[in-house]
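Chains as they are written, first to last, in the working numbering: chain A, 1 to 349; chain B, 350 to 612. For every residue, glycine included, the Cβ atom is placed at its ideal position computed from N, Cα and C. None of the values given here were measured: they were computed from a predicted structure.
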Amino acid sequence: MRLRADIERRIGTLDLRVALDLGPDETVALVGPNGAGKTTLLRVLAGLLGVDRGKVQLGDTVLDAGPGAAFVPPQERRVGYVFQDHLLFPGMSVLDNVAFGPRSRRATRRDARSSAQTWLERVGLGDLAAARPAALSGGQAQRIALARALAAEPRMLLLDEPLAAVDATARTTLRRELRELLAAFDGVRVLVVHSIDDALALADRLLVLEDGRIVQSGTLPELVARPASRYVADLVGINGFLGHCTAGVVDVAGAKLVVAHAEDGPVHVTFHPRAVSVFRERPSGSPRNVWSAPIVSVEPALERVRLQVGGPLPIVAEITPRAAAELRLAEGGDVWIAVKATEIAVSTA
Amino acid sequence: MTERSQPLPRGVRALAGIAAVLLLLPLIGLWSRAPWSELTAQATQPEVLDALWLSLGCSAAATVCTFVLGLPLAIWMDGPPSGLRTAVRVLVTLPMVLPPVVGGVALLFAFGRNGLVGAPLADWFGVSLPFTEAGVVLAEAYIALPFFVLAAEGGLRAMDRRYVDAAATLGASPWRTLVSVTLPMIAPSLRAGLLLAWARALGEFGATITFAGNLAGRTRTMPLEVYAALETSPEAASVLSVLLVLFSGGVLFTLRHHWFPVR
């Protein structure tokens with residue numbers, strides 16, 4: 001069952017305008033900065049918000065055709081929604097939470113409970129049936145929220161940051177389980193994620209939402225190869241800019257980068273943070289791209305240090321902690337940045 | 350970890366003490382004058398027992414009315430703000446701030462034998478509310494309603510609305526969501542509202558005596574009995590008062606976690 005949607009919805013300062021065409025055979029990860037409209041989009045798909053204009057269609061059923069036209073309320077949509085903080089009903093046992101969907105569809109208490117028990121076992125928590133939601137860990141609660149959504153036999157599954165409330169150790173396990181459960185689900189799957197690792201592990205395709213618009217859609221390698229925005233470049237961990245190439249020099253908002261690229265016209269330039277050299281004094285020697293920039297932040301990242309600089313070309317550099325200490329980066333001030341022309345990847349935009 | 354509080358401004362402690370004494374003195378007065386040896390004898394006199402049962406029955410009935418009518422009102426008031434909702438909120442709060450006697454007079458003009466609704470009720474159905482037990486229930490429900498509605502609405506307002514969304518995405522009808530998700534979640538507020546409404550109905554005096562009169566064994570509830578007893582036998586009045594103080598104190602004690610949140 002395909003989801004086809006053409007959505008226009010204003011809420012507060014957000015102006016959401018999104019067109020979607022999602023197949024039942026793919027898991028789509030929705031990424032984007034806070035306030036981009038990810039949760040709003042999920043709420044529109046679930047029927048918790050209506051569209052101002054446009055159409056939402058699942059298979060042959062029109063779910064929402066705008067104010068005054070066809071609208072299927074959420075309780076009749078059969079769209080499973082797993083909320084960020086799981087929202088298990090606090091007064092009910094885990095089993096009754098999972099049985100809530102079947103019970104709402106007029107299953108007998110007995111049938112609803114046996115189906116709930118089956119779902120609990122599928123998420124590996126059959127022995128927690130009698131527990132209260134307050135007694136669960138973040139990971140357990142999230143798995144039970146997923147079981148509860150699946151037990152209601154949805155035709156489409158929406159997950160809002162399923163890994164947000166989970167600590168790092170439980171994350172890997174939960175991610176693997178989520179992947180298996182998502183793969184077993186036959187229908188459109190959309191999930192909001194915050195980290196690129198989660199997107200990579202769970203989704204076939206990424207949709208990048210910024211300011212209510214989809215700025216990019218594609219697989220992770222496609223995004224890395226050609227990030228459409230500063231946000232995407234940050235997300236996938238490389239420096240990327242949109243510029244204009246003239247005779248081997250790319251103009252990025254006034255800053256000039258010398259590149260090994262012959263074709264003139266609009267281009268994407270990307271270079272890895274590790275390809276950036278950092279100095280306190282102006283370096284002499286071969287690099288053609290040398291400029292001075294103020295330090296914005298210095299953060300440890302695994303066995304390296306991630307340095308962010310400002311100026312006309314805000315970039316990220318990764319250097320060793322030893323180099324960071326020798327350069328006394330913690331003291332702030334300006335540094336000299338050098339990037340070899342051959343390290344800069346250029347592709348026609 | 351102990352928290353160190355800031356010292357209080359000068360004079361606050363003394364004034365607070367005076368306020369506390371002001372609240373305590375009447376209780377001490379009542380306590381010292383109550384004929385403790387005759388307590389059981391006085392409390393089991395037929396007219397006292399009549400008043401007691403009438404009070405309990407009418408206040409319970411008024412509380413049920415308050416719940417049945419007040420809950421839908423609270424749910425409606427919890428909707429998106431509008432001019433109509435503001436007007437209704439004023440209307441709901443009015444019996445709380447109005448002198449109860451005025452409420453009784455207003456009820457008389459509406460439901461009295463010649464009242465707006467009372468006249469057709471009497472003519473068409475032969476139903477007359479003033480000076481009956483039903484009249485007591487109506488007067489008490491009118492005065493007690495705001496206490497329940499405002500408590501229930503406060504509970505709804507404080508509740509995380511996304512639980513309702515979650516129930517809807519699981520296929521629950523609005524009725525099912527209300528009964529199995531919303532009401533259990535606001536149960537503490539509903540309990541508090543019901544207890545408050547009951548206590549207020551039990552203590553109701555002004556609207557009751559104005560609208561339902563003071564007929565012994567029929568509309569003379571405990572507070573009215575206290576008032577009547579004060580003229581003939583002050584001892585009996587003090588016994589009844591002690592009983593009411595004990596009851597009200599008991600309600601507050603039961604509700605202490607609601608009123609006095611532990612910091």
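A/ARG322, DSSP secondary structure in three states: Three-state result, A/ARG322: helix.
DSSP-derived helix/strand/coil call for A/ALA145: A/ALA145 falls in the helix class under three-state DSSP.
Three-state class that DSSP yields for A/PRO294 in the structure shown: Three-state DSSP puts A/PRO294 in a strand.
Segments assigned beta strand (DSSP E), at least 3 residues, entirely inside the region 14 to 54 of chain A: The region 14 to 54 of chain A contains these whole beta strand (DSSP E) runs: 14 to 22 and 27 to 31.
A/GLY218 vs A/LEU200 beta-carbon contact at 8 angstroms: Result no, Cβ atoms of A/GLY218 and A/LEU200 do not sit closer than 8 angstroms.
Residues bridged to A/SER277 [DSSP beta-bridge criterion]: Answer by DSSP bridge pairing, in chain order: A/ALA338.
Within-8 angstroms CB hit, B/THR518 to chain A: Yes, B/THR518 counts as interfacial toward chain A.
A/LYS55 vs A/ALA19 beta-carbon contact at 8 angstroms: The criterion of a C-beta distance shorter than 8 angstroms is not satisfied by A/LYS55 and A/ALA19.
Nearest-angstrom Cα separation, counted from A/LEU22 out to A/VAL192: Cα to Cα, A/VAL192 sits roughly 15 angstroms from A/LEU22.
Contact between the region 473 to 489 of chain B and the region 394 to 413 of chain B (3+ Cβ pairs under 8 angstroms): The region 473 to 489 of chain B and the region 394 to 413 of chain B touch, with no fewer than 3 CB-CB distances between them shorter than 8 angstroms.
Candidates A/LYS340, A/LEU125, A/ARG304 and A/ALA253: closest to A/ILE319 by CA position: Nearest C-alpha to A/ILE319: A/ARG304.
Sequence-distant residues of its chain with Cβ nearer than 6 angstroms to A/PRO321 (five each side left out): VAL305.
Counted within 10 angstroms of its Cβ, other Cβ atoms place A/THR172 as buried (16 or more) or exposed: Taking all protein chains shown into account, A/THR172 has fewer than 16 neighbouring C-beta atoms within 10 Å of its C-beta and is therefore exposed.
Beta-bridge pairing of A/PRO266 - partner residues as DSSP gives them: Partner(s): A/HIS244.
When B/THR389, B/HIS606, B/PRO583 and B/VAL513 are compared against B/THR526, the one with the closest alpha-carbon: The shortest C-alpha separation from B/THR526 is found at B/VAL513.
Alpha-carbon to alpha-carbon, B/PHE596 and B/VAL611: Its pLDDT being 48, under 50, B/VAL611 is placed unreliably in this model, and the coordinates cannot settle the point.
Helix, strand or coil at B/PRO469 according to DSSP, with G and I counted as helix: In the three-state DSSP reduction, B/PRO469 falls in the helix class (H, G or I).
Chain A contact for B/VAL600 (CB, 8 angstroms cutoff): Not one chain A Cβ lies under 8 angstroms of B/VAL600.
Chain A contacts made by the region 490 to 520 of chain B, where a contact means CB separation under 8 angstroms: The region 490 to 520 of chain B vs chain A, Cβ under 8 angstroms: ASP509, ARG511, TYR512, ASP514, ALA515, ALA516, ALA517, THR518, LEU519 and GLY520.
A/GLY429 and A/VAL72 closer than 8 angstroms at C-beta: Nothing in the structure corresponds to residue 429 of chain A, since chain A is present only between 1 and 349.
Sequence-distant residues of its chain with Cβ nearer than 6 angstroms to B/ALA556 (five each side left out): Excluding residues within five positions, the ones whose Cβ falls inside 6 angstroms are PRO449, GLY452, GLY453, ALA488 and ILE492.
Residue(s) in a DSSP beta bridge with A/ALA255: Beta-bridge pairing links A/ALA255 to A/VAL252.
Beta strand (DSSP E) runs wholly inside the region 358 to 439 of chain B, at least 3 long, in chain order: DSSP runs (the beta strand (DSSP E)) wholly in the region 358 to 439 of chain B: none.
Cβ pair A/PHE185, A/ARG148 closer than 8 angstroms: No, they are not a contact pair.
Sheet register partners of A/THR61 (DSSP bridge): The beta-bridge partner set that DSSP reports for A/THR61 consists of A/LEU58.
Exposed unless 16 or more other CB atoms sit within 10 angstroms - verdict on B/MET350: Summary for B/MET350: the model assigns pLDDT 48, below 50, so the residue's position carries little reliability, and this model does not support an answer.
Proximity to A/GLU177 [Cα-Cα], best of A/LEU202, A/ALA164, A/LEU159 and A/VAL190: Comparing C-alpha distances from A/GLU177 to each of A/LEU202, A/ALA164, A/LEU159 and A/VAL190 shows the shortest one belongs to A/LEU202.
Min CB distance B/ARG540 to chain A below 8 angstroms: Put simply, the CB of B/ARG540 is far from chain A, with every gap to its CB atoms at 8 angstroms or more.
B/PHE560 and B/LEU456 closer than 8 angstroms at C-beta: The Cβ atoms of B/PHE560 and B/LEU456 sit closer than 8 angstroms to each other.
Under 8 angstroms between C-beta atoms of A/PRO154 and A/GLY126: No, the Cβ-Cβ distance between A/PRO154 and A/GLY126 is not below 8 angstroms.
Beta-carbon contacts of A/VAL258 that lie in its chain and below 7 angstroms, excluding the five residues immediately before and after: Correct list, in chain order: GLY248, VAL249, ARG288, ASN289 and ALA341.
Beta carbon proximity, A/SER114 to chain B, threshold 8 angstroms: The beta carbon of A/SER114 does not come within 8 angstroms of any beta carbon belonging to chain B, so the residue lies off that interface.
Within-8 angstroms CB hit, B/PRO429 to chain A: Not closer than 8 angstroms to any Cβ of chain A, the Cβ of B/PRO429 fails to qualify, so no.
heavy atom of the ligand PLP below 7 angstroms from B/MET534 C-beta: Absence of the ligand PLP from the depicted structure is noted, as is the absence of any ligand whatsoever, leaving it without description.
Contact with chain A by B/ARG525, beta-carbon distance below 8 angstroms: Yes - at least one Cβ of chain A is within 8 angstroms of the one on B/ARG525.
Selection from B/VAL466, B/THR518, B/ALA507 and B/LEU545 that minimises the alpha carbon distance to B/MET534: If we check each option's Cα against that of B/MET534, B/ALA507 comes out closest.
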